[in-house]
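Novice:
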Amino acid sequence: MTTKIGQDLIAWYKKNKRDLPWRNTNDPYLIWVSEIILQQTRIDQGLSYYLRFVVRFPSIEDLANASENEVLKYWQGLGYYSRARNMHASAKQISELYKGKFPDNYDQIKSLKGVGPYTAAAIASIAFNLPHAVIDGNVNRVISRLYGIEIAVNTNNGQKLVDEKLNTIFVRNDPANFNQAIMELGAMICKPSSPECNKCVLNVNCVAFQQNRVNDFPVKIKLKSPELLYLFYFILKYQNNSQQFVYLNKRGENAIWKNLYDFPGLQFNSKKEMNEVVTEFKQKYFPNNFTQNPEKITGPIKHQLTHKSILAFFIELKIDKLSVNNFDDKLIAVTVEELQKYPVSKLIENYIKANL
DNA sequence: GTCCAGCATG
DNA sequence: CATGCTGGAC
861 MTTKIGQDLI
871 AWYKKNKRDL
881 PWRNTNDPYL
891 IWVSEIILQQ
901 TRIDQGLSYY
911 LRFVVRFPSI
921 EDLANASENE
931 VLKYWQGLGY
941 YSRARNMHAS
951 AKQISELYKG
961 KFPDNYDQIK
971 SLKGVGPYTA
981 AAIASIAFNL
991 PHAVIDGNVN
1001 RVISRLYGIE
1011 IAVNTNNGQK
1021 LVDEKLNTIF
1031 VRNDPANFNQ
1041 AIMELGAMIC
1051 KPSSPECNKC
1061 VLNVNCVAFQ
1071 QNRVNDFPVK
1081 IKLKSPELLY
1091 LFYFILKYQN
1101 NSQQFVYLNK
1111 RGENAIWKNL
1121 YDFPGLQFNS
1131 KKEMNEVVTE
1141 FKQKYFPNNF
1151 TQNPEKITGP
1161 IKHQLTHKSI
1171 LAFFIELKID
1181 KLSVNNFDDK
1191 LIAVTVEELQ
1201 KYPVSKLIEN
1211 YIKANL
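FYI, the numbering for the first sequence is 861 to 1216, going by the working numbering.
1) How many Å lie between residue 943 and residue 986 at the Cα?
2) Can you tell me the Cα-Cα spacing of residue 1117 and residue 1202, whole angstroms?
3) Can you tell which of 964, 996, 911 has the C-alpha that lies nearest to the C-alpha of residue 977?
4) Helix or strand or just coil, what does DSSP make of residue 1204?
5) Closer than 8 Å by C-beta to residue 871: which residues in its own chain qualify, once you throw out the five before and the five after it? Chain order, please.
6) Using DSSP's beta-bridge definition, name the partner residues of residue 988.
7) Between residue 1093 and residue 1110, which are expected to be in contact by the criterion C-beta below 8 Å, what is the C-beta distance as a whole number of angstroms?
8) What number of angstroms, rounded off, separates the C-alpha of residue 957 from the C-alpha of residue 966?
9) What is the DSSP secondary structure of residue 1197, counted as helix, strand or coil?
10) Using DSSP bridges, identify the partner residues of residue 1172.
11) Compare the Cα-Cα distances from residue 1172 to each of 1137, 1052, 1144 and report the closest residue.
12) Nearest to residue 1149 by CA position, among 1179, 989, 1068, is which residue?
13) Assign residue 1212 to one of three DSSP states: helix, strand, or coil.
14) Based on the DSSP output, what are the partners of residue 1129 in its beta bridges?
15) Ordered along the chain, which non-local residues of its own chain (more than five positions away) have a Cβ less than 8 Å from that of residue 1011?
16) Can you tell me which of the three DSSP states residue 911 falls into?
17) Please list the terminal residues of the continuous beta strand (DSSP E) segment that includes residue 1137.
18) Can you tell me which of the three DSSP states residue 964 falls into?
19) For residue 1056, which residues in the same chain have their Cβ closer than 6 Å to its Cβ, ignoring the five residues on either side in sequence?
20) On the CB-based measure, 16 or more other CB atoms within 10 Å of its CB, does residue 1040 come out buried or exposed?
21) Select from 952, 919, 1107, 971 the residue whose C-alpha is nearest the C-alpha of residue 1195.
22) Can you tell me whether residue 888 is buried or exposed, with buried defined as 16 or more other CB within 10 angstroms of its CB?
23) List the whole-angstrom C-beta distance separating residue 1045 from residue 869, where the pair is believed to meet the contact cut-off of C-beta under 8 Å.
24) Output the boundary residues of the beta strand (DSSP E) element that contains residue 1108.
25) So what's residue 1009 in DSSP terms, helix, strand or just coil?
26) Excluding five sequence neighbours on each side, which residues of the same chain lie with their C-beta closer than 8 Å to the C-beta of residue 1228?
27) Count the other CB atoms, across all protein chains shown, that sit within 10 Å of the CB of residue 1164; report buried if there are 16 or more and exposed otherwise.
28) So, using beta-carbon positions, are residue 1096 and residue 1177 closer together than 8 Å?
29) Helix, strand or coil for residue 959 per DSSP?
30) Could you check what DSSP says for residue 1179 in three-state terms: helix, strand or coil?
31) What are the start and end residues of the alpha helix (DSSP H) that includes residue 814?
32) Could you work out which residue in 1183, 1105, 964, 1115 is closest to residue 1197 when comparing CA atoms only?
33) Around the Cβ of residue 1063, are there at least 16 other Cβ atoms within 10 angstroms (buried) or fewer (exposed)?
34) Kindly provide the ranges of any alpha helix (DSSP H) runs that are 4 or more residues long and lie completely inside the region 878–903, ordered along the chain.
35) Who does residue 1121 pair with in a DSSP beta bridge?
Dropping the structure here:
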């Protein structure tokens, strides 16, 4: 009875699945790469990144031997950059600890940096056919609608109930197809808005559909809203032998955009007058009474992060190279042509493309 | 313009 | 339980 739902799901999947590159391989490395890229990311957005990534890093060793900067560069624009840094670290770990052979059991897979319960279950089932059921956003939605789960799925009790219900329909002897089938149904049919219930193979079993309450699920508790953050970036330009240079700043290990590059600047949690900011910046970076005024000011540019709503301003300032106070050697001078070699956030990428 | 989808970590 | 990114839907 319960396995019929699972079998129906698999039959539907085999007939309707999208042809995607990571579905045509058993290489655990390639499946791992695809799963990390697709964490918190839609296929439409991640596909081109995956294709470029595996051409440059076709094996664990290729990834392990690359520099972090280059790996981040291949990740530029995808967001959640810790995924790239963790995957790079894990590639080195596999290379040393397992002599380059991808671990083939759930616990070792899950011990890799950046691999949590979802990704470990996905790799274990898809690459090694081990009976671990995945729970991602799609599965939460499908299961909570199918069983009319009233407890919020983003709570411990909600997850326990989803897991329990999921395991009643899980097809243990075909975990790879079952897991991909339920996620594919969530992505293609049981969508967050405007789900296509009339096409759904599970609609006769679906509590939400039968009660005409599909939009009531999944139940979620709302999270804290983001705080405002004001960023003032200074584009310090100087001319040398007919070449245009600007200063980049390497971000540290703290807070957002770890280890990416941006411009030197100041940040505040509340509004600030532009001339105050410029004065403060000059005092900090130019100890010798620097009087040049900004040439161009761009902003405010809005940029939304998970827990911060950013308002960014970009201030262009012509300078004499030698006068900059370079704290901790965080600043590097690069030509405008060289800018493209450095990994940057989408906010910075957009500014460079439009203005430099 | 605002909101939401999509996992891992400390 | 708080934090990290971006794109697309609305």
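No residue lacks a Cβ here, since even glycine has one placed at the ideal position from N, Cα and C.
Specialist: Considering the structure as presented:
1) 20 Å
2) 13 Å
3) 996
4) strand
5) 1061
6) None, per the DSSP bridge assignment.
7) Actually they do not touch by this definition, with Cβ atoms about 14 Å apart.
8) 16 Å
9) coil
10) 1091, 1161
11) 1137
12) 1179
13) helix
14) Note: residue 1129 sits in no beta bridge, so no partner.
15) 1017, 1018, 1021, 1079
16) helix
17) Unbroken run through residue 1137 is the alpha helix (DSSP H), 1134–1145; no beta strand (DSSP E).
18) coil
19) 1049
20) buried
21) 1107
22) buried
23) 6 Å
24) 1103–1110
25) coil
26) Nothing about residue 1228 can be reported from this structure: the residues present for the chain run from 861 to 1216 only.
27) exposed
28) yes
29) coil
30) coil
31) In this structure the chain extends from 861 to 1216, so residue 814 is not present and cannot be described.
32) 1105
33) buried
34) 888–897
35) 1110, 1204
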